[in-house]
Amino acid sequence: MAEIARIVILTGAGISAESGIDTFRSAGGLWEQHKVEDVATPEGFARDPDLVLSFYDMRREALSKVEPNAAHVAIARLEREFAGELLLVTQNVDDLHERGGSDRVLHMHGELKSALCGACGMRSRWEGRMIERPPCPICQAPSLRPDVVWFGEMPYQMERIYTALGRCDLFVSIGTSGAVYPAAGFVQEARQSGAHTLEVNLEPSEGTHLFHEARHGPAGRLVPDWTE
Ligand code: BJW
């Protein structure tokens with residue numbers, strides 16, 4: 001990678017699939033088990049907060065039963081060894097990149113282990129359950145919600161991401177279906193700035209034709225192959 005000075009890596013649910021975390025849109029995935037409009041929209045939360053809180057409590061609890069896989073570890077190693085700038089952006093709300101050794105992960109769709117207070121707006125680290133309506137550690141209001149980005153909400157740190165996309169030489173998308181914006185549009189942003197673009201996914205994503213190069217297969221094998 002001698003000529004590459006700046007890399008942006010985008011990851012999605014597929015990178016955590018081999019760790020045992022369900023993806024969203026595959027057969028038997030989360031959106032087959034739950035209606036997306038019930039559990040991943042502000043309107044769903046307003047209608048039935050208990051359903052939404054228990055959905056995210058269940059997913060937070062499940063994190064303790066899974067481990068990062070070879071793809072998370074390979075990215076962390078690249079992060080340590082790459083001499084240029086590397087921005088790791090994940091759509092995932094799990095903490096497997098961090099546990100795989102990455103220490104600068106941008107979670108554009110939030111994090112399971114974070115709470116957002118609907119009263120004071122503060123974000124705080126959160127490991128427990130929310131269904132019992134615990135008070136916000138900052139303002140004490142019983143108004144905590146999962147700190148995740150639902151449909152219709154603005155993902156985190158978009159300015160920082162677009163700045164990095166506008167300067168990168170290489171954009172790599174790993175384990176994402178390309179069905180959800182704005183992340184699905186990052187490949188075009190990167191191409192406009194002259195970056196080489198690579199898709200690594202189990203199967204061709206919706207936007208696979210937008211990439212210069214695509215490698216299809218499991219991330220646990222293809223990501224270590226690519227980073228070495
Ligand atoms: C493997 C593998 C293995 C399996 N190895 N690969 C019409 C047109 C365009 C846009 C819109 C529209 N109508 C509405 C919108 C906007 C909307 C949107 O995109 N809707 C679409 C449905 C069309 N987007 C939003 O509302 C976003 N906000 C927004 O746009 O704000 C305005 C804005 C404007 C301008 C700039 C910026 C902002 C918010 C989106 C929030 C998404 N939230 C969720 C839930 C988060 C919390 C939670 O986890 O519960 O995020 S939805 C869900 O989808 C989750 C994921 O992060 C996201 C993406 O899913 P991902 O990661 O791609 O997973 P899958 O399952 O889809 O794919 C997995 C892939 O892995 C598959 O391809 C497999 O093959 C592969 N795979 N095993 C490698 N071993």
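Take 1 as the starting number for the sequence shown in full-length UniProt numbering and just add one per residue.
Cβ atoms here follow ideal geometry from the backbone N, Cα and C, with glycine treated the same way.
Cβ-heavy atom distance, residue i to the ligand BJW, below 7 Å
i	result
Ala-40	yes
Glu-32	no
Tyr-156	no
Gly-220	yes
Thr-208	no
Val-89	no
Glu-203	yes
Phe-45	no
Ala-214	no
Trp-150	yes
Ser-54	no
Val-93	yes
Thr-176	yes
Ser-26	yes
Pro-182	yes
Ala-179	yes
Glu-153	yes
Glu-18	yes
Candidates the options: closest to residue i by CA position
i	options	result
Arg-221	Leu-202, His-209, Gly-207	Leu-202
Phe-211	Val-223, Ala-219, Pro-218, Gln-188	Gln-188
Phe-186	Met-108, Trp-226, Ile-131, Pro-224	Met-108
Leu-88	Arg-47, Asp-103, Trp-126	Asp-103
Pro-146	Arg-99, Ala-219, Ser-114, Ala-179	Ser-114
Met-158	Gly-175, Ser-19, Ala-71, Tyr-181	Tyr-181
Pro-142	Glu-132, Phe-151, Trp-150, Val-149	Glu-132
Gln-33	Glu-43, Asp-22, Glu-153	Asp-22
Ala-13	Asp-57, Val-39, Asn-69	Asn-69
Asp-57	Glu-127, Thr-208, Gly-175, Phe-151	Glu-127
Spatial neighbours of residue i in its chain, beta-carbon cut-off 6 Å, leaving aside the 5 residues before and after
i	result
Glu-85	Arg-6
Ala-71	Ile-15, Ala-219, Gly-220, Val-223
Met-1	Below a pLDDT of 50, predicted positions are generally treated as unreliable, and Met-1, at 49, falls in that range; the measurement from the model is reported next regardless. Cβ within range, chain order: n/a, list empty.
7 Å CB neighbourhood of residue i in its chain, flanking five on each side removed
i	result
Tyr-162	Glu-189
Arg-167	Arg-6, Ser-193
Val-16	It is Ser, not Val, that sits at residue 16 in the sequence shown. Cβ neighbours of Ser-16 beyond the five flanking positions: Asn-92, Asp-94, Leu-96.
Gly-125	Inspection of the sequence shows that residue 125 is occupied by Arg rather than by Gly. Lys-113, Ser-114.
Ala-179	Arg-25, Glu-206
Gly-217	Leu-202
His-209	none
Chain-order list of residues whose beta-carbon lies under 8 Å from that of residue i (same chain, five-residue window excluded)
i	result
Thr-227	Ala-74, Ile-75, Arg-77, Leu-78
Leu-198	Leu-170, Phe-171, Val-172, Ser-173, Phe-211, His-212, Glu-213, Ala-214, Arg-215, Trp-226
Arg-80	Gly-101
Cys-139	Cys-117, Ala-119, Cys-120, Met-122
Note down, one range per segment and in chain order, each beta strand (DSSP E) of at least 3 residues found wholly within the segment 14-68.
Entirely contained in the segment 14-68, not one beta strand (DSSP E) run reaches 3 residues.
Ignoring anything shorter than 4 residues, give me the alpha helix (DSSP H) runs that lie fully in the segment 159-200, in order along the chain.
186-192
Write down every uninterrupted run of the beta strand (DSSP E) in the segment 60-126 whose length is 3 residues or greater and which is fully enclosed by it, in chain order.
85-90, 105-107, 110-117, 123-125
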